[in-house]
Amino acid sequence: MTLWPSFTQETLSGRIIYVKADGKGDGSSWQTATGDLQAALFAARKGDQIWVAAGRYKTTSDNNRMMSFIIPDGVKLYGGFEGHETSLSQRDWVSNATILSGEIGTESSEDNAYTVVLTRGVSPETVIDGFIIADGTANGSGKFGDPVRSGGGWYNDGTRYPSSPTIRNCVFANNYARDGGAFYNNAKGNQASPLFQNCTFVANRVDLDGGAVFNDGRGGGVANPRFEDCLFQANSANYGGAIINYGVEGQSNPALHNCSFVENSVYVAGTAIYNVRLKGEATPEFADCRFQRNQPDDQPPVRNFP
0 MTLWPSFTQE
10 TLSGRIIYVK
20 ADGKGDGSSW
30 QTATGDLQAA
40 LFAARKGDQI
50 WVAAGRYKTT
60 SDNNRMMSFI
70 IPDGVKLYGG
80 FEGHETSLSQ
90 RDWVSNATIL
100 SGEIGTESSE
110 DNAYTVVLTR
120 GVSPETVIDG
130 FIIADGTANG
140 SGKFGDPVRS
150 GGGWYNDGTR
160 YPSSPTIRNC
170 VFANNYARDG
180 GAFYNNAKGN
190 QASPLFQNCT
200 FVANRVDLDG
210 GAVFNDGRGG
220 GVANPRFEDC
230 LFQANSANYG
240 GAIINYGVEG
250 QSNPALHNCS
260 FVENSVYVAG
270 TAIYNVRLKG
280 EATPEFADCR
290 FQRNQPDDQP
300 PVRNFP
């Protein structure tokens with residue numbers, strides 16, 4: 000079903016496109032919702048909103064592992080609807096689980112989508128709010144920092160243009176990558192400083208670094224995200240059970256306010272956070288953060304190198 004701009008509901012700031020898992024319409028209302036989230040994202044323009052009802056939305060209906068949900072600049076994507084609401088305040092993203100899933104192909108995770116969500120060069124006016132982002136598997140053989148091996152849940156690319164989306168009320172669960180299991184924040188040579196509010200990172204894992212998040216500020220980049228009221232639980236890595244801040248010849252200085260790090264684990268160092276500061280900066284700012292039962296328990300939760 001084609002989504003025509005004139006068919007979608009207008010708001011003061013742009014259009015609303017409606018999506019339901021079983022929708023077969025043009026997206027102009029809940030009654031005529033589309034079932035194709037990819038088509039809705041393709042049709043959306045800066046200032047538009049996409050309202051997504053509860054359900055599971057896969058990156059593709061075939062086996063193309065390269066497919067991701069690409070969020071356009073300035074578009075606001077909201078989940079947690081039952082499918083009749085008339086305002087954002089009526090949502091309940093806890094009861095109405097809205098899942099962006101990389102579970103394609105067979106039941107095995109080995110052939111899942113490499114990256115579930117992708118943003119490139121987007122502003123803070125780009126919002127994703129009220130989703131579960133799950134089952135990405137970035138197990139490809141690309142170079143360090145490539146999307147096929149980084150950011151199973153979400154890959155934020157700020158290497159060409161600054162990319163700093165706003166991410167609220169989201170759960171990143173059961174994602175895997177070589178680096179940055181849930182979220183790879185690539186600011187190499189530029190800037191990538193997203194805002195996370197009330198987000199949970201749970202049971203994400205990597206072979207190498209940053210069980211949940213990899214902040215990459217290499218080569219003069221600025222990777223300074225802000226995390227407010229976030230939970231990091233049961234993530235695992237070699238270095239940085241929850242987060243690695245990679246400030247090699249650049250900056251990776253996240254702000255973490257009222258965040259909890261619980262039961263994360265590492266094989267080498269940094270049970271919660273590992274900071275790499277070679278010829279650069281990697282100094283997180285903490286305010287009212289808690290570290291509990293991270294493993295091994297004889298290691299400090301935050302480690303610096305050098």
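Mapping of the sequence shown onto numbering that gives the first Met the number 0: position 140 corresponds to residue 139, and the numbering continues sequentially without gaps. Glycine included, C-beta positions come from ideal geometry on N, C-alpha and C.
Where residue i falls: helix, strand or coil (DSSP)
i	result
V121	coil
F143	coil
F231	strand
W3	Only weak support exists for where W3 lies, its pLDDT of 43 falling under 50; the value from the coordinates is given anyway. Here W3 sits in coil by DSSP.
F130	coil
Q294	strand
Q89	helix
L40	helix
R14	strand
R276	coil
R217	coil
D156	strand
D206	strand
E81	coil
S100	strand
F25	A quick correction: the sequence has Asp, not Phe, at residue 25. Of the three classes helix, strand and coil, the one that applies to D25 here is coil, per DSSP.
E109	helix
R148	helix
V116	strand
Inter-residue Cα distance where the pair is residue i and residue j
i	j	result
T282	V115	29 Å
Q196	G129	11 Å
G240	A52	33 Å
D287	N293	17 Å
Q298	G269	7 Å
V247	R276	6 Å
R167	L194	8 Å
T85	I127	18 Å
E106	P305	42 Å
S259	C198	11 Å
P300	D21	45 Å
W50	N274	38 Å
Q190	H256	21 Å
L76	D156	18 Å
L99	F200	15 Å
S27	Y17	6 Å
G139	R148	5 Å
K187	E262	30 Å
A112	R44	25 Å
V205	L87	35 Å
K278	G24	55 Å
C169	I131	6 Å
D228	Q291	16 Å
I242	D208	8 Å
Anticipated Cβ contact below 8 Å, residue i with residue j, distance rounded
i	j	result
S163	S122	7 Å
S192	V221	7 Å
R64	D110	7 Å
G144	N185	6 Å
A306	R225	This structure leaves residue 306 out entirely; the chain is present only between 0 and 305.
Per-residue burial, residue i [other beta carbons within 10 Å of its own, 16 or more giving buried]
i	result
T136	buried
N234	buried
G210	buried
D178	buried
Residues near residue i by beta carbon distance below 6 Å, same chain, minus five either side
i	result
Y154	T114, L117, P146 and Y183
Y266	N237
G311	Outside the modelled stretch of the chain, which goes from 0 to 305, sits residue 311, for which no answer is possible.
S251	N214, G216, A222, N244, Y245 and A281
G219	G188 and G249
Q48	I15 and K75
R55	I98 and S100
Q232	V201, V261 and E262
Close Cβ partners of residue i (< 7 Å) along its chain, the five nearest in sequence each way excluded
i	result
F79	According to the sequence shown, residue 79 is Gly rather than Phe. Taken in chain order, the residues that qualify are R90, D91, W92, N95, T97 and G129.
T58	M66, S67, F68, G101, I103, A112 and V115
A39	L2, I16, V18, G26, T33 and I49
Neighbour flag for residue i against chain D, beta carbons, 9 Å
i	result
S140	Annotation note: the requested chain D is absent from the structure, which comprises a single protein chain.
Close-in-space but distant-in-sequence residues of the same chain around residue i (CB under 8 Å, 5 per side omitted)
i	result
G82	K19, W29, A32, A52 and A53
N62	I103, G104 and D110
S5	Residue placement at S5 is flagged as unreliable, the pLDDT there being 42, under the threshold of 50; a coordinate-derived value is accordingly withheld.
Residue i Cβ short of 8 Å to the ligand SAH heavy atom set
i	result
G24	With respect to the ligand SAH, the structure shown offers nothing to examine, as it has no ligands at all.
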